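A quick write-up on the structure given underneath.
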Amino acid sequence: MPSPRVTQERPVAAGPPGSFRSLRTAWVALAGLSAIFLFEMMSTTVLNVALPTIGRELAAPTVALQWVTNSYSVVFGALMLVFGVVADRLGRRRVMLAGLTLLGAASLASMAVTDTGELIAVRAVMGFAAAMTTPGTMAMAFRLFDEEGLRVRAITLISTVGMAGLAIGPTVGGFVLSFAPWQVLLLVNVPIVALAIAGIRIGVPADDPADLHRAPTDLTGGVLGTATIVLALVAPTLFEDLGAGSWAPWAAVAGVVVAAALFVVRERSTRHPLLDLALVARPQVSGGLAYKAAAGLANAGLAYLVTLQLQLDWGWSPTLASVGMLPQVVVLIAGGPFVHRFVEWVGIDRAAWISAGSVVAGLAVYTLFGNLGYPWVAVALVFVAAGMRVVGAAAAVNVLNGLPRNRTSTGAALVDTATEVTAAVGVAVVGTVLAAVFAGNVAAGHWSTQQTGQFREAVTVSGTVLTVVSAALVGWAMRRTRRVSGDQQDSEPTESLPTSA
452 MPSPRVTQER
462 PVAAGPPGSF
472 RSLRTAWVAL
482 AGLSAIFLFE
492 MMSTTVLNVA
502 LPTIGRELAA
512 PTVALQWVTN
522 SYSVVFGALM
532 LVFGVVADRL
542 GRRRVMLAGL
552 TLLGAASLAS
562 MAVTDTGELI
572 AVRAVMGFAA
582 AMTTPGTMAM
592 AFRLFDEEGL
602 RVRAITLIST
612 VGMAGLAIGP
622 TVGGFVLSFA
632 PWQVLLLVNV
642 PIVALAIAGI
652 RIGVPADDPA
662 DLHRAPTDLT
672 GGVLGTATIV
682 LALVAPTLFE
692 DLGAGSWAPW
702 AAVAGVVVAA
712 ALFVVRERST
722 RHPLLDLALV
732 ARPQVSGGLA
742 YKAAAGLANA
752 GLAYLVTLQL
762 QLDWGWSPTL
772 ASVGMLPQVV
782 VLIAGGPFVH
792 RFVEWVGIDR
802 AAWISAGSVV
812 AGLAVYTLFG
822 NLGYPWVAVA
832 LVFVAAGMRV
842 VGAAAAVNVL
852 NGLPRNRTST
862 GAALVDTATE
872 VTAAVGVAVV
882 GTVLAAVFAG
892 NVAAGHWSTQ
902 QTGQFREAVT
912 VSGTVLTVVS
922 AALVGWAMRR
932 TRRVSGDQQD
942 SEPTESLPTS
952 A
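Here the sequence shown stands for residues 452 to 952, numbered as in this note's numbering.
Structure (structure tokens):
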């Protein structure tokens, strides 16, 4: 029998998991968790602004600069699931604090970088550390509260801080570069890490040993799962660098299929799987992941296409193009206070499918009308931003509600991995269609009339493909979650976790 939970409000000091009765009493923990998500959102955008400077100072070729960003993303995306599983076994708080310490050390090491190889290595270590910390952010926010409404509000608060970081990252990066070396952009992580460590140590309760998953770790499954995700994240880069006519990107795709198949076989046959596929098949879990996958696919495709359209098709300057993205930024930041109200009004299940559907609708609007002028692009950006603002919290809470308490970090890692992989797939679809339709170098600019027509054809084709696939995922998830009532959802109990509204 689980030990009884403390029900009275506590001040700032950490209590047992689920003991907090309001966001105010959990403010120290939420500050620490928000700092982690702030780092995750700023880590790439703040450095992208400095890539030309880094290239000049380190004499870096284009491919090396690309891997300054990709080394972080690939390592981060590939290891999230593994570290989510590890955290459920060793302790979520313990793994997160270890990851934060490593992240601070890697950020300090950037001061000693003298060439791009060393910078890529530092970024890879930062991705490793981020994989240790990020899944725990959502899992801990979920576990601080027993009430579903507070869980949604907590995750929304944390994501609002992250979205603000995403929005101000380029501005902060440009300002810092005006008077300081680019290494300072990585040193910014150090005070963020210090805030996060303080918030987690003081405000987050230590894991109850009885609440950890004690099964042996499936190392073979971990290797196969990591290989699957690495290949899925690397394949889009190969398509972009080498084109669809090269054998390498298609070999990576084949590797994804083979590794994924071997992973499934392994997880179904071993006594102690890394990832219990029966849990993933639960309606709330599989449905929530499908909603996140649909939103990630549509959002990545739209973001990539709009960036190319504004600067290369319409000839806008980078500054004007950043202004053109403001409708999305405003909705992402300003929409935070309305998320939990919307979820309370329609219920968690409806909020998940409505928000994912909004993202898909935004891509559809852009595909059909984006070439008619900027107002249609702005409408599409607003639809996508509004949907992304809600689906992150709603789908995540659905996934975690559907899992036992000793799998919350695994569930959070699944949500983040679904987003990372589908975003990479979305970019890959657009890149492949462009390579097949567009004659010449897309990034060269000064397109001919024929090239402009080819780009717009590619927008229509890739946008239609991504819209159809994303809509199919939303439809499947709706059917999946509606089939099962709260009482009949699963034969295995989930330790009194609340069911969705």
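We treat Cβ as the ideally placed atom computed from N, Cα and C, and that holds for glycine. Nothing here was measured: the structure is a model prediction, and the numbers come from that model.
Neighbourhood of residue i by C-beta, 7 Å cutoff - its chain only, sequence neighbours within 5 removed
i, result
"Ala744", "Ala869, Thr873, Leu924"
"Leu628", "Val500, Ala501, Thr504"
"Val623", "Val497"
"Thr671", "Arg717"
"Ala928", "Gly738, Ala741, Tyr742, Trp804"
"Ala837", "Val782, Gly786, Ser809"
"Thr903", "Asp764"
Three-state secondary structure (DSSP) of residue i
i, result
"Gly555", "helix"
"Thr932", "helix"
"Gln992", "Residue 992 lies beyond the range of the chain shown here (452 to 952); nothing can be said about it."
"Ser450", "This structure gives no information on residue 450, because the portion of the chain shown stretches from 452 to 952."
"Arg856", "helix"
"Ser610", "helix"
"Asp658", "coil"
"Pro667", "coil"
"Gly624", "helix"
"Glu795", "helix"
"Gly766", "coil"
"Leu954", "The first residue shown for the chain is 452 and the last is 952, placing residue 954 beyond what the model contains."
"Asp597", "coil"
"Gly542", "coil"
"Ser913", "helix"
"Asp640", "The sequence shown places Asn at residue 640, not Asp. Asn640: helix per DSSP, three-state reduction."
"Gly891", "coil"
"Gly824", "coil"
"Ser899", "coil"
Sequence-distant residues of the same chain with beta carbon closer than 8 Å to residue i, five excluded per side
i, result
"Gln940", "A caution first: Gln940 carries a pLDDT of 42, below 50, which makes its placement in the model unreliable, though a value can still be read off. So the list reads Arg733, Pro734, Gln735, Gly853, Thr950, once near-sequence residues are dropped."
"Thr688", "Gln517, Asn521"
"Ala560", "Val573, Val576"
"Asn857", "Asp539, Asp662, Leu663, His664"
"Gly964", "This structure does not reach residue 964, given that the chain is present from 452 up to 952, and the question cannot be answered."
"Leu728", "Val715, Glu718, Arg719"
"Ser697", "Leu689"
"Thr721", "Asp669, Thr671, Gly672"
Short Cβ contact (7 Å threshold) for residue i with residue j
i, j, result
"Thr567", "Ala501", "no"
"Ile784", "Met589", "no"
"Ser860", "Arg543", "yes"
"Ala846", "Ala803", "yes"
"Ile680", "Gly535", "no"
"Ser913", "Leu748", "no"
"Ala875", "Leu684", "yes"
"Thr607", "Ala844", "yes"
"Val842", "Ala807", "yes"
"Gly555", "Val635", "no"
"Leu756", "Val910", "yes"
"Met493", "Gly620", "yes"
"Met583", "Gly550", "yes"
"Val519", "Thr677", "no"
"Ala423", "Leu682", "This structure cannot speak to residue 423, because the chain is shown only from 452 to 952."
"Thr668", "Asp867", "no"
"Gly483", "Gly650", "yes"
"Ala710", "Leu675", "yes"
"Val641", "His791", "no"
Where the alpha helix (DSSP H) containing residue i begins and where it ends
i, result
"Gln779", "777-785"
"Thr861", "859-888"
"Ser629", "Element bounds for Ser629: n/a, residue is neither H nor E."
"Val810", "799-820"
"Pro586", "567-594"
Spatial neighbours of residue i in its chain, beta-carbon cut-off 6 Å, leaving aside the 5 residues before and after
i, result
"Ala886", "Gly694, Ala695"
"Phe981", "Missing from the structure shown is residue 981; the chain here goes from 452 to 952 and no further."
"Leu553", "Ala580"
"Phe471", "Ala477, Leu595, Phe596"
"Gly739", "Ala846, Asn849, Val850"
"Leu530", "Ala582"
"Ile955", "Since the displayed the chain opens at 452 and closes at 952, residue 955 lies outside it and no answer follows."
"Ser454", "Below a pLDDT of 50, predicted positions are generally treated as unreliable, and Ser454, at 40, falls in that range; no measurement from the model is reported."
"Ala864", "Met531, Leu532, Gly535, Pro586"
"Met562", "Gln634"
"Asn822", "Arg907"
Beta carbon proximity, residue i to chain B, threshold 7 Å
i, result
"Arg544", "The structure shown contains no chain B; it holds only a single protein chain."
Continuous alpha helix (DSSP H) assignments of at least 4 residues falling wholly in the region 484-512: Taken in chain order, the whole alpha helix (DSSP H) runs of length 4 or more contained in the region 484-512 are 502-509.
Ranges of the alpha helix (DSSP H) found wholly within the region 670-757, counting only runs of at least 4: Segments of the alpha helix (DSSP H) lying fully in the region 670-757: 670-693, 698-720, 728-731.
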